[in-house]
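> If you scroll down you'll find the structure; I have some questions about it.
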Amino acid sequence: MSPTQIVLSLAYIVSAVLFILCLRGLSSPDGARRGLFLGEIGMLLAVVATLLHKDVVRYEWILAGLVLGSGIGIAISAWIPMTKMPERIAFSHAFGGLATALVGVAEYLREADQLSSFKVGALGFETFLGFLTFTGSIMAYGKLQGVITGAPVTWKGQNFMNIGLFFGSLAAIGVVVYDRSLSHVFFGIAGTGLALGVMAVLPIGGADMPVVISLLNSYAGLAACATGFALNSQILIISGALDGSSGILLSLLMSKAMNRSFANVLFGAFGTVSDPAAGAAASQAGKSYNEATVEDAAAVLMASQSVIFIPGYGMAVSQAQHAVRDLAASLERRGVDVKYAIHPVAGRMPGHMNVLLAEANVDYDKLFDLDNINDDFARTDAVIVVGANDVVNPAAKKDPSSPIYGMPVFNVEQSRSVIVLKRSMNPGFSGVENELFFQPNTMMVLGDAKKTLLALIGALKEGH
Amino acid sequence: MGTEWVFNLYVFVLATFVGYQVISRVPPLLHTPLMSGTNAISGISLVASLLAAGSHHFISQVLGFVAVTCATINVVGGFLITDRMLRMFRRKPDAPAPKPGTGKGAAS
Numbered sequence: 016m017s018p019t020q021i022v023l024s025l026a027y028i029v030s031a032v033l034f035i036l037c038l039r040g041l042s043s044p045d046g047a048r049r050g051l052f053l054g055e056i057g058m059l060l061a062v063v064a065t066l067l068h069k070d071v072v073r074y075e076w077i078l079a080g081l082v083l084g085s086g087i088g089i090a091i092s093a094w095i096p097m098t099k100m101p102e103r104i105a106f107s108h109a110f111g112g113l114a115t116a117l118v119g120v121a122e123y124l125r126e127a128d129q130l131s132s133f134k135v136g137a138l139g140f141e142t143f144l145g146f147l148t149f150t151g152s153i154m155a156y157g158k159l160q161g162v163i164t165g166a167p168v169t170w171k172g173q174n175f176m177n178i179g180l181f182f183g184s185l186a187a188i189g190v191v192v193y194d195r196s197l198s199h200v201f202f203g204i205a206g207t208g209l210a211l212g213v214m215a216v217l218p219i220g221g222a223d224m225p226v227v228i229s230l231l232n233s234y235a236g237l238a239a240c241a242t243g244f245a246l247n248s249q250i251l252i253i254s255g256a257l258d259g260s261s262g263i264l265l266s267l268l269m270s271k272a273m274n275r276s277f278a279n280v281l282f283g284a285f286g287t288v289s290d291p292a293a294g295a296a297a298s299q300a301g302k303s304y305n306e307a308t309v310e311d312a313a314a315v316l317m318a319s320q321s322v323i324f325i326p327g328y329g330m331a332v333s334q335a336q337h338a339v340r341d342l343a344a345s346l347e348r349r350g351v352d353v354k355y356a357i358h359p360v361a362g363r364m365p366g367h368m369n370v371l372l373a374e375a376n377v378d379y380d381k382l383f384d385l386d387n388i389n390d391d392f393a394r395t396d397a398v399i400v401v402g403a404n405d406v407v408n409p410a411a412k413k414d415p416s417s418p419i420y421g422m423p424v425f426n427v428e429q430s431r432s433v434i435v436l437k438r439s440m441n442p443g444f445s446g447v448e449n450e451l452f453f454q455p456n457t458m459m460v461l462g463d464a465k466k467t468l469l470a471l472i473g474a475l476k477e478g479h
Numbered sequence: 010m011g012t013e014w015v016f017n018l019y020v021f022v023l024a025t026f027v028g029y030q031v032i033s034r035v036p037p038l039l040h041t042p043l044m045s046g047t048n049a050i051s052g053i054s055l056v057a058s059l060l061a062a063g064s065h066h067f068i069s070q071v072l073g074f075v076a077v078t079c080a081t082i083n084v085v086g087g088f089l090i091t092d093r094m095l096r097m098f099r100r101k102p103d104a105p106a107p108k109p110g111t112g113k114g115a116a117s
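Just so you know, the protein sequences line up as chains A and B, in that order. The working numbering applies: residue 16 is where the first sequence begins, and numbers increase by one. The working numbering applies: residue 10 is where the second sequence begins, and numbers increase by one.
Now the structure itself:
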């Protein structure tokens, strides 16, 4: 090893340690920002060290990319609203996937004749995973944005076809390892990666996006790992492994929070809008629900001592987090005990609701997980459900024929009264009927959640 | 050359183990910052992109340029937006109401 190489390796070790400390900082909100700062130092160190690498001989392309990328990065992070965070994350996975995939292709083109078979294999995996992450994330982004239908898109033999694409790609990687000069096979791997990304996300419904986004997170990490194996770079392997294990862990947590296996999320095409939805609509017709006015709901709140808010994706859609905070504040001024119950899969990505409420200045001591709050409902006067549906569906506990049976849900029906803010009586994304809406102690206040909340605040003021 | 991959496999397995240990301690409250933070860290592929963009080979330079741009967006944007989120998560010392009945301690 030359002295420069030794300095480089030492710099990378320091970077790796700083990255681990950065993630370690995230174990509590207090030390998180300091940790993140360490991560930034680590990244700066790794980049500067790499610029000293002997293989880096020209700087004009690098400089152009760094300047352009920084400009776009700063612009996106400054202007994006917090409600668009799932889209932002999906989008950045797409960029990450594309970057690794292109590096794989570039490396193959540059050194095709002198590559070892192991390195060709690693580059094949890198390119495949990179392009898969790229199109998969674009699809996820499209579904979140509503450009592509949020409902699962399925056809006969779909899973068979996807599994075929996957094993076809593996076989193609095997072929280029055997004969590295077969460049059209190498580009074929890129093609199957691109195709599989689209195909694999199409059948997954909008409500399953937390799992998909976490999974794409881990694919992006694994692609970086493959790059590390190809380039013999330990910093890439370590960072990729950190990213990969984070993604896998989150997707397992999300699947568990829905009581569904990984395989079921990926291949189950959950929430197909077919028979169950029609059945739900038919059986709903026979039942009656209490449609309440804002004044009725305000009267219930004025008589309450304890209130729990349950936010869901609907809160993000109508950007109602500030209105929720304001209503909570005006209840607290009346001496009411206010808490927030956050389900792990509420929203479209892990932690979605926490971020929105933090943005609205809600003290995080008042946000409670499923396990920490579920016993409190029996002692609670009023629950306000803001655009949540499946996470408050009692069928998950009682009805074995329900598609969401077994999913851990809030014991909302135990509280004295339930106020549900909902756009309309249509069943949500998953098309599952929610019995909670038809219970005698449930009041349905239909309309835009934000408007309803603002009206409630007004009504509370008048009723002083 | 032949045994490098064994050494790298060691690194990979140990890093995955460390990652699993560290990340399982992150509370659900911070799962979104975790995602965008790991996203910024996975922008480490910038290192590999730099090598491609800084090489002699022309096509590699062009592909490397696109890769550097994408990876930089993730690194810069990822760290900035994670910091923006974490700034919101600080406990508010001036939170309204003395709250005798709220908070984690009183709840359980």
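For every residue, glycine included, the Cβ atom is placed at its ideal position computed from N, Cα and C. On a predicted model such as this, the values are computed, not experimentally measured, just so you know.
Count the other C-beta atoms from every protein chain shown that fall within 10 angstroms of the C-beta of Lys381 of chain A, then say buried if there are 16 or more, exposed otherwise.
The residue given as residue 381 of chain A occupies position 366 in the first sequence. Classification for Lys381 of chain A: buried.
> Going by beta-carbon coordinates alone, are Gln20 of chain A and Glu102 of chain A separated by less than 8 Å?
For the purposes of this step, residue 20 of chain A is identified with residue 5 of the first sequence, where counting begins at 1. For the purposes of this step, residue 102 of chain A is identified with residue 87 of the first sequence, where counting begins at 1. Cβ atoms of Gln20 of chain A and Glu102 of chain A: not closer than 8 Å.
> Just by C-beta distance, which residues in the segment 234 to 248 of chain A are closer than 8 Å to chain B?
Cβ contacts with chain B come from Ala235, Gly236, Ala238, Ala239, Cys240, Thr242, Gly243, Phe244, Leu246, Asn247, Ser248.
> Three or more beta-carbon pairs under 8 Å between the segment 101 to 116 of chain A and the segment 173 to 182 of chain A, yes or no?
The segment 101 to 116 of chain A vs the segment 173 to 182 of chain A: no contact.
> Who are the neighbours of Val56 of chain B on chain A, taking C-beta pairs under 8 Å?
Here residue 56 of chain B corresponds to residue number 47 of the second sequence, with the count starting at 1. Residues of chain A passing the Cβ test: Ala61, Val62, Thr65, Ser248, Ile250, Leu251.
> Would you decide whether Trp94 of chain A is buried or exposed? Buried here means 16 or more other CB atoms lie within 10 Å of its CB.
The residue given as residue 94 of chain A occupies position 79 in the first sequence. So Trp94 of chain A ends up on the exposed side.
> Using a C-beta cutoff of 8 Å, does Val77 of chain B count as contacting chain A?
Looking up residue 77 of chain B in the second sequence gives position 68. Yes, Val77 of chain B counts as interfacial toward chain A.
> What does DSSP give as the partner residue(s) for Glu306 of chain A in the beta ladder?
Residue numbering aside, residue 306 of chain A sits at position 291 when the first sequence is read from its first letter. According to DSSP, Glu306 of chain A bridges with A:Met459.
> For Tyr74 of chain A, name the three-state secondary structure that DSSP assigns.
Indexing the first sequence from 1 puts residue 74 of chain A at position 59. Coil at Tyr74 of chain A, not helix or strand.
> Please report the straight-line C-alpha distance between Pro42 of chain B and Lys302 of chain A, rounded to a whole angstrom.
The sequence position of residue 42 of chain B within the second sequence is 33, counting from 1. The sequence position of residue 302 of chain A within the first sequence is 287, counting from 1. Using only the alpha carbons, I get a separation of about 43 Å.
> Who pairs with Asp352 of chain A in a beta bridge, going by DSSP?
In the first sequence, counting from the first residue as 1, residue 352 of chain A sits at position 337. DSSP, once it has assigned bridges, lists A:Ser321 as partnering Asp352 of chain A.
> According to DSSP, is Ala474 of chain A helix, strand or coil?
In the first sequence, residue 474 of chain A corresponds to position 459, counting from 1. Note: Ala474 of chain A maps to helix in three-state DSSP.
> How should Thr111 of chain B be labelled, buried or exposed, when 16 other C-beta atoms within 10 angstroms of its C-beta is the threshold for buried?
Here residue 111 of chain B is taken as the residue at index 102 of the second sequence, counted from 1. Summary for Thr111 of chain B: the model assigns pLDDT 39, below 50, so the residue's position carries little reliability, and this model does not support an answer.
> Please state the DSSP three-state secondary structure of Ser289 of chain A.
Locating residue 289 of chain A in the first sequence gives position 274, counting from the first residue. Unreliable placement is indicated for Ser289 of chain A, whose pLDDT of 40 sits below 50; the coordinate value is still reported in the next sentence. Of the three classes helix, strand and coil, the one that applies to Ser289 of chain A here is coil, per DSSP.
> Just checking: is the beta-carbon of Thr12 of chain B within a distance shorter than 8 Å of some beta-carbon in chain A?
As a first step, residue 12 of chain B is located in the second sequence; it is residue number 3 there, counting from the start. False, the Cβ-Cβ gap to chain A never drops below 8 Å.
> Using CA atoms only, rank isn't needed, just tell me which of A:Val435, A:Thr457, A:Leu265 is closest to Lys465 of chain A.
Your numbering for residue 465 of chain A matches position 450 in the first sequence. Answer by Cα proximity: A:Val435.
> Check whether the segment 50 to 62 of chain A and the segment 43 to 62 of chain B are in contact - that is, three or more C-beta pairs closer than 8 Å.
Result yes; three or more Cβ-Cβ pairs closer than 8 Å.
> Would you mind telling me which residues of chain A sit closer than 7 Å to Val31 of chain B, beta carbon to beta carbon, in chain order?
As a position in the second sequence, residue 31 of chain B is number 22, starting the count at 1. Simply Ile35, Leu38, Arg39.
> Using three-state DSSP, classify Pro326 of chain A as helix, strand or coil.
Stepping through the first sequence from its first residue, residue 326 of chain A is reached at position 311. The answer is strand: DSSP assigns Pro326 of chain A an E or B state.
> Determine the burial state of Val15 of chain B: buried for a count of at least 16 other Cβ atoms within 10 Å of its Cβ, exposed for fewer.
As a position in the second sequence, residue 15 of chain B is number 6, starting the count at 1. The residue in question, Val15 of chain B, is exposed, as its Cβ has fewer than 16 Cβ neighbours within 10 Å.
> Just how far apart, CA to CA, sit Asn305 of chain A and Leu41 of chain A?
Start at 1 with the first residue of the first sequence, and residue 305 of chain A comes out as number 290. Start at 1 with the first residue of the first sequence, and residue 41 of chain A comes out as number 26. Each residue's Cα considered, the two are about 44 Å apart.
> Using a Cβ cut-off of 7 Å, pull out every chain B residue sitting near Thr115 of chain A, in sequence order please.
Position 100 of the first sequence, counted from the start, is the residue given in the question as residue 115 of chain A. In chain order: Ser54.
> Taking its Cβ as the centre, do 16 or more other Cβ atoms sit within 10 Å of Arg195 of chain A, making it buried, or is it exposed?
Taking the first residue of the first sequence as position 1, residue 195 of chain A is located at position 180. Buried, since its Cβ has 16 or more Cβ neighbours within 10 Å.
> Count Cβ pairs between the segment 395 to 405 of chain A and the segment 313 to 321 of chain A that sit closer than 8 Å; are there 3 or more?
Output reads yes: the segment 313 to 321 of chain A touches the segment 395 to 405 of chain A.
> Between A:Asp405, A:Tyr193, A:Asp311, A:Asn441, which lies nearest to Met273 of chain A when the distance is taken from Cα to Cα?
Start at 1 with the first residue of the first sequence, and residue 273 of chain A comes out as number 258. Looking at the Cα atoms, A:Asp405 is the closest of the given residues.
> With a threshold of 6 Å on Cβ separation, who are the neighbours of Gly46 of chain B within its own chain once the five nearest residues in sequence on each side are excluded?
As a first step, residue 46 of chain B is located in the second sequence; it is residue number 37 there, counting from the start. Thr91.
> Return the CA-CA distance between Ile32 of chain B and Ile263 of chain A, expressed in angstroms with no decimal places.
Within the second sequence, numbered from 1, the residue matching residue 32 of chain B stands at position 23. Within the first sequence, numbered from 1, the residue matching residue 263 of chain A stands at position 248. Each residue's alpha carbon lies about 10 Å from the other.
> Kindly indicate which three-state DSSP category Ala295 of chain A falls into: helix, strand or coil?
One-based indexing of the first sequence puts residue 295 of chain A at position 280. Unreliable placement is indicated for Ala295 of chain A, whose pLDDT of 46 sits below 50; the coordinate value is still reported in the next sentence. DSSP places Ala295 of chain A in helix when its eight states are reduced to three.
> Tell me, please, whether the CB atom of Gly189 of chain A is closer than 8 Å to any CB atom in chain B?
Mapped onto the first sequence, residue 189 of chain A falls at position 174. Closer than 8 Å: no.
> Within the continuous beta strand (DSSP E) that includes Val400 of chain A, where are the two ends?
Locating residue 400 of chain A in the first sequence gives position 385, counting from the first residue. Unbroken beta strand (DSSP E) run through Val400 of chain A: 397 to 401.
> For a test of the three-state rule: what should DSSP assign to Val435 of chain A, helix, strand or coil?
Locating residue 435 of chain A in the first sequence gives position 420, where the first residue counts as 1. Val435 of chain A: strand per DSSP, three-state reduction.
> Output the distance between the C-alpha atoms of Leu38 of chain B and Arg49 of chain A, rounded to the nearest integer angstrom.
Within the second sequence, residue 38 of chain B is the residue found at index 29, counting from 1. Within the first sequence, residue 49 of chain A is the residue found at index 34, counting from 1. Their backbone Cα atoms lie some 17 Å apart in a straight line.
> Pick out whichever of A:Asp70, A:Val72, A:Gln249 has its Cα sitting closest to the Cα of Val22 of chain B.
Numbered from 1 along the second sequence, position 13 holds the residue referred to as residue 22 of chain B. For Val22 of chain B, the nearest C-alpha among the options comes from A:Gln249.
> Identify which residue in A:Ala137, A:Ile89, A:Leu209 has its Cα closest to the Cα of Phe88 of chain B.
Taking the first residue of the second sequence as position 1, residue 88 of chain B is located at position 79. Measuring from the Cα of Phe88 of chain B, the nearest candidate turns out to be A:Ile89.
> Using a threshold of 8 Å, state whether the C-beta atoms of Ile204 of chain A and Gly136 of chain A are closer than that.
The count along the first sequence starts at 1 and reaches residue 204 of chain A at position 189. The count along the first sequence starts at 1 and reaches residue 136 of chain A at position 121. Result no, Cβ atoms of Ile204 of chain A and Gly136 of chain A do not sit closer than 8 Å.
> Going along the segment 405 to 428 of chain A in order, which residues come within less than 8 Å of chain B, judged by CB to CB distance?
So nothing in the stretch comes that close.
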